[in-house]
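Written out below as structure tokens is the structure these notes cover.
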Amino acid sequence: MKLTYIYHSGFAIEADGITVIIDYYKDSSETIPNRGVVHDELLSRPGKFYVLSTHFHPDHFNRDILSWKEQRPDINYIFSKDIMQHKRASKEEALYINKPEVYQDDAIRIQAFGSTDSGISFLIDLQGTKLFHAGDLNNWHWSEESTEEEARKAEGDFLAELKLLQQAAPAIDLVMFPVDSRLGKDYDRGARQFVEQIKTSIFVPMHFGEDYAGGNAFRNTAQANGCNFIAITHRGESLTL
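Residue numbers (this note's numbering): 1014 to 1254.
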């Protein structure tokens, strides 16, 4: 199985006869639009093909993905229901799920968990590997800007969602989770709480845009909690699991 970082919160997972793309925003080329690992390689990869989107925000959902069906009529689109509710895609263009619904076929199982912003997060069972893509699930407390009450509510909401996930999946093989330095001094609070409560074998940062140093700054904390930390250094970077 191979994991490829596309951009921001976008990842591709290649398993035996299966390709999964999550939260595509831009392809991996830094200079040419619609060029990179997705357009140049994955769209022509044989096997089953799944495209997942956690919510309607433009840095997680790009309507261009719907045009891929012209090249890959076999694509399975599995989106958060808020994408349809915000009229970013129509009812006929995808299968929509919401917390705690499950999509399952003979190749993959995808369960929707909550978010502390818009949409959902995904717990994925794929060929014996358990993966979690957080979407915008995080402790978005912005402690240097929020009031004490706002920060307390943000943390409470996040911990409640984390508890539900922990009850369903106390151990996860690979986690893709926001590590966004724009949050300020407590930028990694949500990520730290996650790895403290859910046994995470491999932790991959996301939602950092071009701030690779900020995303990778969580390495020591992740490793101290028993995780293998995958540092991201460029778009299109791949890891064989």
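Ideal Cβ positions, reconstructed from N, Cα and C, are used throughout, including at glycine.
The structure displayed is predicted, hence computed values, not measured ones.
Candidates the options: which alpha carbon is nearest residue i's?
i	options	result
residue 1214	1185, 1110, 1225, 1147	1185
residue 1105	1048, 1079, 1153	1079
residue 1082	1204, 1052, 1099	1052
residue 1220	1049, 1031, 1072, 1068	1072
residue 1251	1046, 1047, 1054, 1045	1054
residue 1225	1233, 1115, 1246	1246
residue 1064	1050, 1042, 1200, 1034	1034
residue 1198	1222, 1143, 1153	1153
residue 1190	1176, 1206, 1181, 1177	1206
residue 1032	1109, 1111, 1136, 1140	1140
residue 1029	1046, 1166, 1168, 1142	1142
residue 1043	1115, 1026, 1019	1019
residue 1136	1166, 1100, 1175	1175
residue 1196	1158, 1173, 1169, 1233	1158
For residue i, I'd like the list of residues in its chain whose CB is within less than 7 Å of its CB, leaving aside the five on either flank, ordered along the chain.
i	result
residue 1183	1211, 1212
residue 1235	1208, 1216, 1242
residue 1179	1210, 1211
residue 1222	1021
residue 1084	1056
At what residues does the beta strand (DSSP E) containing residue i begin and finish?
i	result
residue 1102	From DSSP, residue 1102 is part of no beta strand (DSSP E); its letter is neither H nor E.
residue 1027	1023–1028
residue 1051	No beta strand (DSSP E) holds residue 1051; the alpha helix (DSSP H) holding it covers 1050–1053.
residue 1089	1089–1093
residue 1067	Careful: residue 1067 lies outside any beta strand (DSSP E) and carries neither H nor E.
On the premise that residue j lies in contact with residue i, defined as a C-beta separation below 8 Å, what is that separation, rounded to the nearest angstrom?
i	j	result
residue 1037	residue 1060	Not quite, the Cβ-Cβ distance comes to about 18 Å (not below 8 Å), so this is no contact.
residue 1091	residue 1123	6 Å
residue 1204	residue 1231	5 Å
residue 1040	residue 1069	In fact, because the Cβ distance is near 20 Å, the residues do not count as touching under 8 Å.
residue 1188	residue 1228	The pair is not a contact, with the Cβ atoms about 13 Å apart (cut-off 8 Å).
residue 1145	residue 1128	At roughly 12 Å, the Cβ-Cβ gap does not stay under 8 Å, so residue 1145 and residue 1128 are not in contact.
residue 1100	residue 1254	Residue 1100 to residue 1254, Cβ: 37 Å. No contact.
residue 1107	residue 1076	Wrong, their Cβ atoms sit about 11 Å apart, outside the cutoff.
If we count the other Cβ atoms within 10 Å of its Cβ and call it buried at 16 or more, is residue i buried or exposed?
i	result
residue 1148	buried
residue 1117	exposed
residue 1125	buried
residue 1113	exposed
residue 1067	buried
residue 1151	buried
residue 1164	buried
residue 1201	buried
residue 1110	buried
residue 1168	buried
residue 1218	buried
Using C-beta distances below 6 Å, list every residue in its chain close to residue i, excluding the 5 sequence neighbours before and after it, in chain order.
i	result
residue 1057	none
residue 1132	1067, 1068, 1093, 1095, 1148
residue 1050	1017, 1041, 1249
residue 1194	1200, 1224, 1227
residue 1120	1031, 1061
For the alpha helix (DSSP H) that contains residue i, what are its first and last residues?
i	result
residue 1176	1161–1181
residue 1204	1202–1210
residue 1236	1232–1237
residue 1226	1225–1229
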